[in-house]
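So the structure is just underneath, and the comments pick up after that.
2 protein chains.
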Amino acid sequence: MKAIGRHIILEMWGCQNLDSVQTAEQALREMVDALDVNLLDLHVYPFSPVGVTGMAIVSESHLVIHTWPEHGYAAVDIFTCGAPREPQAAVDVLRRHYQPERVGVMEINRGQMDLPQHELATPTRLHPQQSRGSRTPAYSA
Amino acid sequence: MKAIGRHIILEMWGCQNLDSVQTAEQALREMVDALDVNLLDLHVYPFSPVGVTGMAIVSESHLVIHTWPEHGYAAVDIFTCGAPREPQAAVDVLRRHYQPERVGVMEINRGQMDLPQHELATPTRLHPQQSRGSRTPAYSA
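From first to last, the protein sequence lines are chains A and B. Sequential numbering from 1 applies to the first sequence in our numbering. Sequential numbering from 1001 applies to the second sequence in our numbering.
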């Protein structure tokens, strides 16, 4: 199904370097390179007492990192519309900079289009008799 | 279950005012007010030939609007950690400014903590005999 954008949601736990403005900036710049997207703007905001937010606005949408060093946790979003590379390239950059012990990834299609009518007209549900397990009735009429 | 942040993902179709920098900026400012969060930075980027990206960095995380006027579509993310108000307040602002014909909303807990041990120890699965439909075996031993 056609969609306008891809949104990768990353949950990283057990991370290093979470309170570093430099790490966030460097990671964002390398993610931009890895995805081969066009950087328009990049800002990193340190918080008190700890934590940073890093934001890269790109022509293809945005990349954002929020860190909570007190939890060893970083939330990362990679939202791209028409990026030429697979998002995995950016995940590899994050793994290198933050060395997470655990990473959770979810991908959401953004701007998902309705199915075209001709696809809707094609029966896609399995007939009950073809369902998983192919159970045969135990009786016959 | 405890989580660090709330992430509201909005899909808005059939929208008005999608190519307006002013609308994006005004909507973001009113969302910040509606959520009672602390604005750190706000930028709106117009694209050629059409479309805008608007980004508000707040102490509590971020708000972002991407628009595709050619599809009547806007993707909005409201990511907050510790916002005092319910996200619905921000959705109301968006409805007013963009007048979408259809809105899809999904909420994701970000930084979801593991269940505490005492919760894990409590059996929460239904016993098979209490499952939906409460089917009784057709035979007994």
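We put the beta carbon where it would ideally sit given N, CA and C, even for glycine. This one's a predicted model, so the numbers in the text were calculated from it and none came from an experiment.
- Less than 7 Å separates the beta-carbon of I9(A) from that of M106(A).
- In this structure M12(A) is in contact with V76(A), their Cβ atoms being roughly 7 Å apart against a cut-off of 8 Å.
- Taking all protein chains shown into account, V1021(B) has fewer than 16 neighbouring C-beta atoms within 10 Å of its C-beta and is therefore exposed.
- The C-beta separation of H1071(B) from N1017(B) comes to about 14 Å, leaving the pair out of contact by the 8 Å criterion.
- At least one CB atom of chain B sits nearer than 7 Å to the CB of A75(A).
- For a Cβ distance threshold of 9 Å, nothing in chain B lies close to T67(A): the least Cβ distance comes to about 10 Å.
- In the DSSP assignment, M31(A) falls within the alpha helix (DSSP H) that extends over 21-35.
- At a C-beta separation below 9 Å, S1061(B) has these neighbours in chain A: T53, V64, H66, A75.
- Of all residues in the stretch 1029-1057 of chain B, the ones placed with a Cβ closer than 8 Å to any Cβ belonging to chain A are L1040, D1041, H1043, Y1045, F1047, T1053, M1055, I1057, in chain order.
- At least one CB of chain B lies nearer than 7 Å to the CB of R110(A).
- P1049(B) and W1068(B) have their alpha carbons spaced roughly 10 Å apart.
- With a beta-carbon spacing of about 4 Å, E1030(B) and V1093(B) fall inside the 8 Å limit used to define contacts.
- Contact between A89(A) and L35(A) holds: their C-beta atoms lie close to 6 Å from each other, under 8 Å.
- Legend: CB atoms of the stretch 7-23 of chain A lying less than 8 Å from CB atoms of chain B belong to residues H7, I9, E11.
- The beta-carbon of I4(A) is placed less than 7 Å from the nearest beta-carbon of chain B.
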